[in-house]
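Novice:
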Amino acid sequence: MSVVAESLSWQAGGRQILQDVSLRAEPGETLGLIGPNGSGKSSLLRLLAGLRRPGAGRVEIDGQDIARLSRRDMALRVALVQQQSTTEANVTARDVVRLGRTPHRGALAGWTAADEEAVAQALAGVGMQHAATRIWRTLSGGERQRIQIARALAQKPSVLFLDEPTNHLDIEHQIAILRLVRDLRLTSVVALHDLNHAATFCDRIVVLQKGRHIAAGTPDEVLTEDMLARVFSVAGRVRPSPYRPGPEIHFLVDAPEA
Ligand SMILES: Nc1ncnc2c1ncn2[C@@H]1O[C@H](COP(=O)(O)OP(=O)(O)OP(=O)(O)O)[C@@H](O)[C@H]1O
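First residue of the sequence shown: 14, per this note's numbering; consecutive thereafter.
1) Output the boundary residues of the alpha helix (DSSP H) element that contains D176.
2) Measure the alpha-carbon distance for H173 versus V203 and round it to whole angstroms.
3) Measuring straight from C-alpha to C-alpha, what distance separates A257 and A212?
4) Look up V104 in the DSSP assignment and say whether it is helix, strand or coil.
5) Among I47, S20, L136, which has the Cα closest to the Cα of V244?
6) Going by Cα to Cα distance, which pick from A189, P40, V110 is closest to G76?
7) So is W149 buried or exposed if we call it buried at 16+ other beta carbons inside 10 Å?
8) According to DSSP, is S246 part of a helix, a strand, or is it coil?
9) Please list, in chain order, all residues of the same chain as V109 whose beta carbon is under 6 Å from its beta carbon, the five residues on each side excluded.
10) Give the straight-line distance between the Cα atoms of D239 and A167, rounded to the nearest whole angstrom.
11) Does at least one heavy atom of ligand 1 sit under 7 Å from the Cβ of R114?
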């Protein structure tokens with residue numbers, strides 16, 4: 014399913030948070046969202062996932078305006094993994110993942126073998142099958158993050174929105190989760206801070222700065238030394254990676270400010 018945002022604007026707290034942002038993710042594509050802190054990445058993901066209504070502009074998923082889709086229709090298409098997840102009391106990790114099946118079940122329908130299979134697959138996908146019976150609130154930050162991702166996978170969405178899915182993860186699991194997202198070939202939009210991860214795992218990248226869309230393209234087109242200086246105020250050297258397609262960034266940490 015494609016995701017198209019047209020001229021989105023959104024205000025909150027008396028401030029313009031997003032201004033005239035457009036983007037397009039093609040079916041099966043992994044689209045990276047990068048930008049400094051406060052540039053509007055999380056806000057944009059919430060608009061794309063239908064959690065907030067834009068003040069202007071619109072979002073289409075698979076050609077349908079999401080303002081016209083019911084909550085259940087959205088939940089059958091779209092999953093959002095946010096940065097902060099609310100703590101559910103004394104439930105197990107598996108119980109949290111099971112919540113992902115809610116949109117697929119009728120009011121009176123029982124738990125089916127297909128539900129069980131989806132939950133088991135999702136737990137295995139994030140490498141957490143061994144922890145299924147652990148109590149959610151006793152899990153580490155990274156373990157909770159992987160369970161939240163499993164909950165989204167159990168939902169079997171066509172479109173996945175992820176807000177910094179790797180921020181609590183060790184390097185093994187950062188790579189595992191991003192590779193999983195890429196290889197699922199769902200349409201996904203992923204906010205990322207690690208620009209080398211964006212270069213490695215994203216088909217295309219959108220750059221936000223102060224709530225505005227300022228660039229979009231392949232990692233080679235977007236991740237330039239000029240962009241690092243202009244948008245992130247850092248000096249870097251960008252070279253073709255000798256190990257994979259796409260660019261590799263080396264940050265010059267002791268250089269005078271770019
Ligand atoms: N509900 C809200 N009310 C007021 N201001 C908000 C609200 N939501 C977001 N903002 C502001 O909008 C700006 C963009 O926030 P957002 O979380 O979208 O940025 P971000 O790019 O995801 O940042 P980070 O990289 O730090 O996670 C910030 O200045 C934030 O304080």
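Glycine included, each C-beta is placed from N, C-alpha and C at the ideal position.
Specialist: Based on what the coordinates show:
1) Per DSSP, D176 lies in no alpha helix (DSSP H); the unbroken beta strand (DSSP E) holding it starts and ends at 172–176.
2) Before going on, a small fix: residue 173 reads as Leu here, not His. Their Cα atoms are separated by approximately 8 Å.
3) In the sequence under discussion, the amino acid at residue 257 is Arg, which differs from the Ala named in the question. Taken atom to atom, the span from the alpha-carbon of R257 to that of A212 is near 10 Å.
4) Three-state DSSP puts V104 in coil, outside helix and strand.
5) Residue I47 is the option with its Cα nearest to V244.
6) Nearest of A189, P40, V110 to G76, Cα basis: P40.
7) For W149, the number of other beta carbons within 10 angstroms of its own is at least 16, and it is reported as buried.
8) In the structure shown, S246 sits in coil (DSSP, three-state: anything other than H, G, I, E or B).
9) Once the five neighbours on either side are set aside, the close Cβ partners of V109 are W149, I160, R164.
10) So the two alpha carbons sit approximately 41 Å from each other.
11) Within 7 Å of the C-beta of R114 there is not a single heavy atom belonging to ligand 1.
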